[in-house]
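So in UniProt numbering, spot 11 of the sequence shown is number 11, and the numbers just go up one at a time. For glycine and all other residues, C-beta sits at the position ideal for the given N, C-alpha and C. Owing to the predicted nature of the structure, the values given are computational and were not obtained by experimental measurement. Presented below is the structure to which this report refers.
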Amino acid sequence: MSAFTVSEIVRRDGPIFSAEMPIRRAAAVLVETGSVAAPVIDDDGSLMGILSQKDCFRPALQASYHHEWKGNVADHMTHRVVTVDIDDEIIRTAEMFIDHPHQVFPVLHSGRAEGLLHRSDVFAFLMRHG
């Protein structure tokens, strides 16, 4: 099973955000698409961070109190991100999911954001091939 790589199960069809996007719009996109998180990229496609549903809780809660959303994605995203490479072996990423509480890891290819690797997809892969 060690020959299988992230490239076989990476999700490339999810939302991608810019740092300048209003947080209200980004949170709405996560809800509309059923996404747990989305990569935040710069103009060159390089990863700047990740915005998760959890990151959106504070601004959403504040908006429920004050009826106003404040800030943009950069104000609320997670800047220090654990990533995987498109060529990493799936077994290695399974071990990473054991060591980290994250539901997704951004996937990089030559330093650029390629998509997201979901814990549920790695688990399903292990069940099919184990």
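Next on the checklist: For Ile86, report the span of its beta strand (DSSP E) as first-last.
Outcome noted: Taking the sequence shown and counting its residues from 1, the one referred to as residue 86 is at position 86. No beta strand (DSSP E) contains Ile86, which DSSP labels as neither H nor E.
Next on the checklist: On a Cα-Cα basis, can you pick out the residue from Val122, Ile90, His109, Gly111 that is closest to Gln103?
Outcome noted: To locate residue 103, count along the sequence shown from 1; it is residue 103. Measuring from the Cα of Gln103, the nearest candidate turns out to be Val122.
Checklist entry - First and last residue of the alpha helix (DSSP H) that includes residue 131? => result No statement about residue 131 is possible, as the shown extent of the chain runs from 1 to 130 and does not include it.
Next on the checklist: For a test of the three-state rule: what should DSSP assign to Val82, helix, strand or coil?
Outcome noted: What you label residue 82 is simply residue 82 of the sequence shown in a count that begins at 1. It is coil, neither helix nor strand.
Item to check | Simplified DSSP state of Ser120, which is helix, strand or coil | outcome: Translated into positions along the sequence shown, residue 120 becomes position 120. In this structure, DSSP gives Ser120 a helical state, which the three-state scheme calls helix.
Item to check | Residue nearest to Leu47 in terms of C-alpha spacing, selected from Met77, Trp69, Ile23 | outcome: Residue mapping note: residue 47 aligns to position 47 of the sequence shown, counting from 1. The shortest Cα separation from Leu47 among Met77, Trp69, Ile23 belongs to Met77.
Checklist entry - Based on the DSSP output, what are the partners of Val10 in its beta bridges? => result To locate residue 10, count along the sequence shown from 1; it is residue 10. In DSSP, Val10 forms no bridge with anything.
Next on the checklist: Is the separation between the beta-carbon of Ala38 and that of Phe4 shorter than 8 Å?
Outcome noted: In the sequence shown, counting from the first residue as 1, residue 38 sits at position 38. In the sequence shown, counting from the first residue as 1, residue 4 sits at position 4. Going by C-beta atoms, Ala38 is not nearer than 8 Å to Phe4.
Item to check | Glu20 classed as buried or exposed, judged by whether at least 16 other C-beta atoms fall within 10 angstroms | outcome: Translated into positions along the sequence shown, residue 20 becomes position 20. So Glu20 counts as exposed.
Next on the checklist: Using a Cβ-based criterion (distance less than 7 Å to any ligand heavy atom), does Ser35 qualify as near the ligand MG?
Outcome noted: You won't find the ligand MG in this model; it holds no ligand whatsoever.
Next on the checklist: Can you look up Ala113 in the DSSP assignment and give me helix, strand or coil?
Outcome noted: Residue numbering aside, residue 113 sits at position 113 when the sequence shown is read from its first letter. The answer is strand: DSSP assigns Ala113 an E or B state.
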